[in-house]
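Colleague: Here the protein sequences line up with chains A and E, keeping their order.
When we follow the working numbering, the leftmost residue of the first sequence carries the number 184, and every step to the right adds one.
When we follow the working numbering, the leftmost residue of the second sequence carries the number 184, and every step to the right adds one.
2 protein chains.
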Amino acid sequence: MFSYELLHIDKHTGARAGVFHTPHGDIETPIFMPVGTAATVKSLLPSTLHELGTQILLSNTYHLYLRPGSDIVRRAGGLHKFMNWNKPILTDSGGFQVFSLGDLRKITDDGVTFSSHIDGSKHVFTPESVMATEHDLGADVIMAFDECSTYGCSKEYARSAMNRTHKWLDRCAKAHTNGVQMLFPIIQGNMFADLRVESVKYVRDYAQCGIAVGGLSVGEPDQIMYEMLDVIRPYLPDNMPRYLMGVGTPDYILEGIERGIDMCDCVLPTRIARNGTAMTTHGKVVVRNGCYREDFSPLDEECDCYCCKNFSKAYLRHLVNCKEILAGELLSIHNIRFLLKLVEGAREAIKQDAFTDYKREFYAKYYKK
Amino acid sequence: MFSYELLHIDKHTGARAGVFHTPHGDIETPIFMPVGTAATVKSLLPSTLHELGTQILLSNTYHLYLRPGSDIVRRAGGLHKFMNWNKPILTDSGGFQVFSLGDLRKITDDGVTFSSHIDGSKHVFTPESVMATEHDLGADVIMAFDECSTYGCSKEYARSAMNRTHKWLDRCAKAHTNGVQMLFPIIQGNMFADLRVESVKYVRDYAQCGIAVGGLSVGEPDQIMYEMLDVIRPYLPDNMPRYLMGVGTPDYILEGIERGIDMCDCVLPTRIARNGTAMTTHGKVVVRNGCYREDFSPLDEECDCYCCKNFSKAYLRHLVNCKEILAGELLSIHNIRFLLKLVEGAREAIKQDAFTDYKREFYAKYYKK
Numbered sequence: 184m185f186s187y188e189l190l191h192i193d194k195h196t197g198a199r200a201g202v203f204h205t206p207h208g209d210i211e212t213p214i215f216m217p218v219g220t221a222a223t224v225k226s227l228l229p230s231t232l233h234e235l236g237t238q239i240l241l242s243n244t245y246h247l248y249l250r251p252g253s254d255i256v257r258r259a260g261g262l263h264k265f266m267n268w269n270k271p272i273l274t275d276s277g278g279f280q281v282f283s284l285g286d287l288r289k290i291t292d293d294g295v296t297f298s299s300h301i302d303g304s305k306h307v308f309t310p311e312s313v314m315a316t317e318h319d320l321g322a323d324v325i326m327a328f329d330e331c332s333t334y335g336c337s338k339e340y341a342r343s344a345m346n347r348t349h350k351w352l353d354r355c356a357k358a359h360t361n362g363v364q365m366l367f368p369i370i371q372g373n374m375f376a377d378l379r380v381e382s383v384k385y386v387r388d389y390a391q392c393g394i395a396v397g398g399l400s401v402g403e404p405d406q407i408m409y410e411m412l413d414v415i416r417p418y419l420p421d422n423m424p425r426y427l428m429g430v431g432t433p434d435y436i437l438e439g440i441e442r443g444i445d446m447c448d449c450v451l452p453t454r455i456a457r458n459g460t461a462m463t464t465h466g467k468v469v470v471r472n473g474c475y476r477e478d479f480s481p482l483d484e485e486c487d488c489y490c491c492k493n494f495s496k497a498y499l500r501h502l503v504n505c506k507e508i509l510a511g512e513l514l515s516i517h518n519i520r521f522l523l524k525l526v527e528g529a530r531e532a533i534k535q536d537a538f539t540d541y542k543r544e545f546y547a548k549y550y551k552k
Numbered sequence: 184m185f186s187y188e189l190l191h192i193d194k195h196t197g198a199r200a201g202v203f204h205t206p207h208g209d210i211e212t213p214i215f216m217p218v219g220t221a222a223t224v225k226s227l228l229p230s231t232l233h234e235l236g237t238q239i240l241l242s243n244t245y246h247l248y249l250r251p252g253s254d255i256v257r258r259a260g261g262l263h264k265f266m267n268w269n270k271p272i273l274t275d276s277g278g279f280q281v282f283s284l285g286d287l288r289k290i291t292d293d294g295v296t297f298s299s300h301i302d303g304s305k306h307v308f309t310p311e312s313v314m315a316t317e318h319d320l321g322a323d324v325i326m327a328f329d330e331c332s333t334y335g336c337s338k339e340y341a342r343s344a345m346n347r348t349h350k351w352l353d354r355c356a357k358a359h360t361n362g363v364q365m366l367f368p369i370i371q372g373n374m375f376a377d378l379r380v381e382s383v384k385y386v387r388d389y390a391q392c393g394i395a396v397g398g399l400s401v402g403e404p405d406q407i408m409y410e411m412l413d414v415i416r417p418y419l420p421d422n423m424p425r426y427l428m429g430v431g432t433p434d435y436i437l438e439g440i441e442r443g444i445d446m447c448d449c450v451l452p453t454r455i456a457r458n459g460t461a462m463t464t465h466g467k468v469v470v471r472n473g474c475y476r477e478d479f480s481p482l483d484e485e486c487d488c489y490c491c492k493n494f495s496k497a498y499l500r501h502l503v504n505c506k507e508i509l510a511g512e513l514l515s516i517h518n519i520r521f522l523l524k525l526v527e528g529a530r531e532a533i534k535q536d537a538f539t540d541y542k543r544e545f546y547a548k549y550y551k552k
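(1) For V281 (chain A), which residues from the same chain have a beta carbon less than 8 Å from its beta carbon, with the 5 sequence-adjacent residues on both sides left out?
(2) Under 8 Å between C-beta atoms, does E531 (chain A) make it to chain E?
(3) Just reading off the alpha helix (DSSP H) that F297 (chain A) is part of, what are its end residues?
(4) Which residues in chain D sit within 7 Å of C392 (chain E), going by Cβ to Cβ distance?
(5) Name the chain A residues whose beta carbon is nearer than 7 Å to that of I508 (chain E)?
(6) Keeping to the same chain, check which residues put their C-beta closer than 6 Å to that of A532 (chain E); ignore five residues upstream and five downstream.
(7) So which residues of chain E does R250 (chain A) contact, with C-beta pairs closer than 7 Å?
(8) In the DSSP output, what is C449 (chain A) paired with across the bridge?
(9) Would you kindly work out how many angstroms separate the C-alpha atoms of R489 (chain A) and K534 (chain A), rounded to a whole number?
(10) May I ask you to report which of helix, strand or coil DSSP gives K506 (chain A)?
(11) Can you pull the chain E neighbours of S230 (chain A), defined as C-beta to C-beta under 8 Å?
(12) Kindly indicate if chain E contains any beta-carbon less than 8 Å away from that of S495 (chain A).
(13) Hey, would you say G431 (chain A) sits closer than 8 Å to D329 (chain A), going by beta carbons?
(14) When DSSP labels each residue in this structure, what does K467 (chain A) get in the three-state scheme?
(15) With a 10 Å radius around its C-beta and 16 neighbouring C-beta atoms as the bar for buried, classify P217 (chain A) as buried or exposed.
(16) Quick check on D209 (chain E): does DSSP put it in helix, strand or coil?
(17) Ends of the alpha helix (DSSP H) at L352 (chain A)?
(18) Is it the case that the Cβ atoms of T223 (chain A) and E507 (chain E) are separated by a distance below 8 Å?
(19) Give a yes or no on whether the C-beta atoms belonging to I325 (chain E) and R250 (chain E) are separated by under 8 Å.
(20) In chain order, what residues of the stretch 247 to 281 of chain E put their CB closer than 8 Å to some CB of chain A?
(21) Quick check on Y546 (chain E) - is its C-beta less than 8 Å from some C-beta in chain A?
(22) Over what stretch of residues does the beta strand (DSSP E) that includes K305 (chain A) continue unbroken?
(23) Tell me the residue span of the beta strand (DSSP E) that contains T274 (chain E).
(24) Alpha carbons only, please: which of A:Q406, A:A529 and A:L378 is nearest the one belonging to S337 (chain A)?
(25) For D221 (chain E), go through chain A and note every residue whose CB falls closer than 7 Å to its CB, in chain order.
(26) Return the first residue and the last residue of the beta strand (DSSP E) that M245 (chain A) is part of.
(27) Could you tell me which residues DSSP puts in a beta bridge with S186 (chain E)?
(28) Is it a yes or a no for the stretch 364 to 373 of chain E touching the stretch 342 to 352 of chain E, going by three-plus beta-carbon pairs under 8 Å?
(29) Which two residues bound the contiguous beta strand (DSSP E) that contains A198 (chain A)?
(30) Classify H195 (chain A): buried if its beta carbon has 16 or more other beta carbons within 10 angstroms, exposed otherwise.
(31) I need the straight-line Cα distance from V468 (chain E) to G459 (chain E), nearest angstrom please.
(32) In whole angstroms, what is the alpha-carbon distance linking S495 (chain A) and H501 (chain A)?
(33) At the level of alpha carbons, what is the spacing between G443 (chain E) and R199 (chain E)?
(34) Using a Cβ-Cβ cut-off of 6 Å (strictly less than) and excluding sequence neighbours within five positions of H207 (chain A), which residues of its own chain qualify?
(35) With the cut-off set at 8 Å, would you say E484 (chain E) and R258 (chain A) are in Cβ contact?
(36) Output, in sequence order along the chain, the residues in the stretch 322 to 335 of chain E whose CB is closer than 8 Å to any CB in chain A.
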């Protein structure tokens, strides 16, 4: 039911173009995954996401576990049916959220006890309980329960979190026996090259058709992130997709792809959209700015999205100014389309061994200021 | 450019089915107009409004005058282009909002001085300035500047406000000479039958292809509103659409249609949607209620909208619970579709002289509780 087809490797960089076959359809890689935290990509209809060319969505186990509860989603017939999305879905494990959103968390080797950020109620996540929750949700790809240690922690702590992640992975693999969902193990190791190598060597044995890199893009300097990707690269399996978690800026996406990454996700395009900011061919645009008051040109002349085809910057600025919901909606449409076009372009460039040029040309326009 | 074609009169009630021809297309009447206050029907893409069968939108002059400013809309090429809506638009005159939203208003025979509800800045609306603003906006139908006296005011005050409205209408008509937009005069007179008759007799002389009833549905008992519609009815011109302002509950819409009304508008369907409430064939549904936690059936089995075709009450409840934007969006889609279907059904029933049965059957289901 799951397989990865490697179509082409860019001969200058090693960037990969491929197809990830899943039960809910094929995903052309490299791909960006919009995030639908609570079983909705905020403000967007599924039909709109289809029109944008979205191939796979990510949804958050932590949030769905708390609301509406994974039992409800299971009884609804699974997440695809519940949220009316018939293409592939990936659920994270809740590990990251437990550490970033949950209060009063207590980590033991058995699992994590935490208080809900919504009502303070107490909950326990273990590798086994997380697998059960992800089974209820029924996504195509499910992530192993891991501990993402914070940037800046000691090497000693990073090692113990990594070791715990490895033990939890073993328990996840044992608990995941349904055979219809694909478990992605997660490489941890914080910003320590030797730990990263140790981790990739450990977790790749659990990878059947997909492996993930966690704990990056958490505040570290760009070069450190790139270095971590470089050190693990020789050890990554070739015959499956590699997923770089939580990455959504154009440079991180392209640098990841250049380092052999096939999948990534981030709330960034939709979050900054609701905040009135757009990513365009010529860099970031803060739509609220007074200079757009009478700018009747589209947000991005080179974009083919519904927002850019039909509305002016002056209109978008008006909506942002009035705090109209449609502002975040139209900018979300644009920003998602922008990142999907970015990876589409990367995919085509890779097939023509032209990824380096593609990246350089993109950077020249986007980061010119 | 404007004309009204009377297709059929229900022989039992006198309810009318017709077509209102405008520069941006034909409107089948009776019709409900969704409200796009700030040049956006909150949270809905224009493409979604098209799919719902929306034939005409209302937008608010007061809001657009303040933000972004009617000069911006004019320079954008008019409201149709600015908000990407190529079907008919009607703009109100701002009269109602000046009285309900503006602070520190001062009314003289010349016009109204008020402070913006946004930043407290001082502004003056006169019949001439309102016509200029509505010309800038460029809607198909523009409303005359009127004073809507509050429910419960003295007859003396109601009369003076009515007289002022009549004088302002005269000035609006003189100031409106562009020949491409249709000015609708407004009948006032508060809840006083003799004033209403006096008003309709006065303003109908200004009506070329459309006349409106203002100052109803402002807090008065239902029966008083119906009585006001009954008393003016014999004096209404037959050869043009009659617009009942600010009406959006199913009963008000149907009672209006029964009394010869062709057009109505209200923020109700979208406002209650954002509040988590739906209008359905079987009455109002407060989606947040716990009883829908595991209700995997659609909101309204008899509805053909995107929300009802694709989502369950359990999903909608989850979205409302999580304060997700998509909740208000999907419920807005449903509620607008619900009212558009209500008037579509009325139109068909009228053509078959079956409006009375249609209304009775609707009431039996909707108000059965």
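From the three backbone atoms N, C-alpha and C, an ideal C-beta is built for every residue, glycine too.
No experiment lies behind these values; they were computed from the predicted model shown.
Modeller: In short:
(1) Y245, R288, V295, F297 and F308
(2) no
(3) From DSSP, F297 (chain A) is part of no alpha helix (DSSP H) but of the beta strand (DSSP E) over V295 to S298.
(4) Of the protein chains in this structure, namely A and E, none is chain D.
(5) K225, S226 and I508
(6) F538 and Y541
(7) H501, N504 and C505
(8) A:P217
(9) Checking the sequence, you will find Tyr at residue 489 (chain A) rather than Arg. So the two alpha carbons sit approximately 28 Å from each other.
(10) coil
(11) Y489
(12) yes
(13) no
(14) strand
(15) buried
(16) strand
(17) K338 to A358
(18) yes
(19) no
(20) R250, P251, I255, R258, A259, G260, F265, M266 and N267
(21) no
(22) K305 to F308
(23) I272 to T274
(24) A:L378
(25) Reading the sequence as shown, one finds Ala at residue 221 (chain E) and not Asp. Simply C505 and E507.
(26) According to the sequence displayed, residue 245 (chain A) carries Tyr and not Met. Unbroken run through Y245 (chain A) is the alpha helix (DSSP H), T244 to L249; no beta strand (DSSP E).
(27) E:H204
(28) yes
(29) Unbroken run through A198 (chain A): none, as it is neither H nor E.
(30) exposed
(31) 9 Å
(32) 10 Å
(33) 6 Å
(34) K270, P271 and D323
(35) no
(36) none
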